[in-house]
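In what follows, a single structure is set out as structure tokens and then discussed.
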Amino acid sequence: MAKVFASIGECMVELSGAGDGLYRRGFAGDTLNTAWGVRGLSPDDAVSVRYVSRVGTDALSDEMVRFAAAAGIDTAHVGRDPVRTVGLYMITLQGAERSFSYWRDAAAARRLAADRGALEAALADADMVYFSGITLAILPPEDRPTLFTALADARARGAVIAFDANVRLRLWPDADAARAGLSDGYRAATIALPTHPDERDLFGDRSPEATARRIAALGVPEVVVKDGADPATLFADGGLTSHPAERVDDAVDTTGAGDGFNAGYLAARLAGRSPVEAALLGHRVAARIIRSRGALIGLDALAAVAAGA
Numbered sequence: 001m002a003k004v005f006a007s008i009g010e011c012m013v014e015l016s017g018a019g020d021g022l023y024r025r026g027f028a029g030d031t032l033n034t035a036w037g038v039r040g041l042s043p044d045d046a047v048s049v050r051y052v053s054r055v056g057t058d059a060l061s062d063e064m065v066r067f068a069a070a071a072g073i074d075t076a077h078v079g080r081d082p083v084r085t086v087g088l089y090m091i092t093l094q095g096a097e098r099s100f101s102y103w104r105d106a107a108a109a110r111r112l113a114a115d116r117g118a119l120e121a122a123l124a125d126a127d128m129v130y131f132s133g134i135t136l137a138i139l140p141p142e143d144r145p146t147l148f149t150a151l152a153d154a155r156a157r158g159a160v161i162a163f164d165a166n167v168r169l170r171l172w173p174d175a176d177a178a179r180a181g182l183s184d185g186y187r188a189a190t191i192a193l194p195t196h197p198d199e200r201d202l203f204g205d206r207s208p209e210a211t212a213r214r215i216a217a218l219g220v221p222e223v224v225v226k227d228g229a230d231p232a233t234l235f236a237d238g239g240l241t242s243h244p245a246e247r248v249d250d251a252v253d254t255t256g257a258g259d260g261f262n263a264g265y266l267a268a269r270l271a272g273r274s275p276v277e278a279a280l281l282g283h284r285v286a287a288r289i290i291r292s293r294g295a296l297i298g299l300d301a302l303a304a305v306a307a308g309a
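Using the UniProt record's numbering, the first residue of the sequence shown is number 1, and each one after it goes up by one.
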């Protein structure tokens, strides 16, 4: 029987530069990016990838759902909101580095945890559940306990719970609220996938090792700290190890690199590979993504990475 990977969060309309002042429209979002990556890296008969979210009933929402479904992602647990729609973000590039502008206040995904029964049903048979700090930040505070209860129930049934803080301070009332909310996210997880510069800026960690130890102290047994082009720091089986990133001299866009690393890491762990092997696959996926524009690369390209090409 295929294992079930469930990713919870928000997919948005993406506008990325196409040259001459034009923009290319696509769909992306941290948790959808990772779900896409796990789909492309995993055999169809071994892993079922599910997206758990909420969109509107408008044409653009319909197109977004069709886009995910066409990639082989199960969208049966993407709820519909008759009032809200989907959010939008625009990527601005300076060299290969990017910045983002967002329009998401009316996003239906903000209500993805409003229906407790639907959320519990979406996770009922999941072997691995992935969510992010953005998932938490966009929810009304009164809905977050519903999400945490569903995650705790899934964990009690034996599911792996994976979390990337993906710090976006503008989505939180203030830094204290962000620290509290993201720490709760880590406490819910069995695998943590933080990014050191984000954690350093918010929590004051002086090194990736310090980030790993702080998060492990919250009760997370497996932590892999991303650090851009620098090595990833892995805490597993009670010890710390370092794993160099793949060198890339022709990067064009770093959008989605962290989400791709997460996809590689989680796909490998779901397939029964070791944390060290998972970190290496994560690096390979991230290296491939930053050679292309936008957050997503083709499923065939991901399959080639999984095959070692």
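Ideal placement from N, C-alpha and C gives every residue a C-beta, glycine not left out.
Identity of the residue in the options nearest residue i by Cα
{"i": "L147", "options": "E14, A113, V52, N262", "result": "A113"}
{"i": "T255", "options": "N166, S7, V4", "result": "N166"}
{"i": "A277", "options": "G308, R247, L302", "result": "For the sequence presented, residue 277 should be read as Glu rather than Ala. For the residues G308, R247, L302, the minimum Cα distance to E277 belongs to G308."}
{"i": "A274", "options": "P244, F235, A245", "result": "According to the sequence shown, residue 274 is Ser rather than Ala. Comparing Cα positions, the closest option is F235."}
{"i": "L299", "options": "S7, R110, V220, A68", "result": "A68"}
{"i": "L93", "options": "R111, V52, I290, H196", "result": "I290"}
{"i": "G282", "options": "T190, K226, D250", "result": "K226"}
{"i": "A271", "options": "R157, G79, V47", "result": "V47"}
{"i": "P141", "options": "A59, R288, A178, A162", "result": "A178"}
{"i": "I191", "options": "R170, T241, A216", "result": "A216"}
{"i": "E199", "options": "A189, A175, V52", "result": "A175"}
{"i": "A156", "options": "G238, A189, P173", "result": "A189"}
{"i": "A152", "options": "A59, D184, R170", "result": "D184"}
DSSP state of residue i mapped onto helix, strand, coil
{"i": "G37", "result": "helix"}
{"i": "T241", "result": "strand"}
{"i": "L270", "result": "helix"}
{"i": "D164", "result": "strand"}
{"i": "G260", "result": "helix"}
{"i": "S61", "result": "helix"}
{"i": "E14", "result": "strand"}
{"i": "A156", "result": "helix"}
{"i": "V47", "result": "strand"}
{"i": "L22", "result": "strand"}
{"i": "V252", "result": "coil"}
{"i": "R284", "result": "helix"}
{"i": "I138", "result": "helix"}
{"i": "R247", "result": "coil"}
{"i": "residue 314", "result": "For the chain, the structure presents residues 1 to 309; residue 314 sits outside this window and is missing."}
Alpha-carbon spacing of residue i relative to residue j, whole angstroms
{"i": "S101", "j": "L88", "result": "8 Å"}
{"i": "A180", "j": "G72", "result": "36 Å"}
{"i": "A126", "j": "A229", "result": "32 Å"}
{"i": "E63", "j": "G56", "result": "11 Å"}
{"i": "A306", "j": "H243", "result": "18 Å"}
{"i": "L296", "j": "G19", "result": "18 Å"}
{"i": "P208", "j": "D74", "result": "35 Å"}
{"i": "P231", "j": "A245", "result": "5 Å"}
{"i": "A303", "j": "A263", "result": "12 Å"}
{"i": "Y265", "j": "A279", "result": "6 Å"}
{"i": "R116", "j": "A159", "result": "18 Å"}
{"i": "S292", "j": "D250", "result": "9 Å"}
{"i": "D201", "j": "D30", "result": "20 Å"}
Beta-carbon contacts of residue i that lie in its chain and below 7 Å, excluding the five residues immediately before and after
{"i": "R214", "result": "F203, D205"}
{"i": "G219", "result": "R187"}
{"i": "V4", "result": "S48, R50, D125, A126, D127"}
{"i": "W172", "result": "A137, A178, G181"}
Close beta carbons around residue i, own chain, < 6 Å, minus the five adjacent residues each side
{"i": "A286", "result": "A257, G260, F261"}
{"i": "A267", "result": "V38, L41, S42"}
{"i": "E120", "result": "A150"}
{"i": "A241", "result": "As written in the sequence, residue 241 is Thr, which differs from the Ala given in the question. Contacts found: L234."}
{"i": "V223", "result": "A192, A212, I215, A216, F235"}
{"i": "R110", "result": "I138"}
{"i": "R269", "result": "A278"}
Neighbourhood of residue i by C-beta, 8 Å cutoff - its chain only, sequence neighbours within 5 removed
{"i": "A107", "result": "E10, M12, R84, T85, V86, G87, I138"}
{"i": "G294", "result": "E14, S16, R24, G26, A28, I91, D253, T255, G256"}
{"i": "R168", "result": "G133, I134, A137"}
{"i": "V65", "result": "V55, T75, V78"}
* Could I get the ranges of all uninterrupted alpha helix (DSSP H) runs contained in the region 170-224, with 4 residues as the minimum, in chain order? => 175-187, 196-203, 208-216
* Asked: Which full runs of the alpha helix (DSSP H) of 4+ residues lie inside the region 63-129, going along the chain?
  -> For the region 63-129, whole alpha helix (DSSP H) runs of length 4 or above, ordered along the chain, are 116-123.
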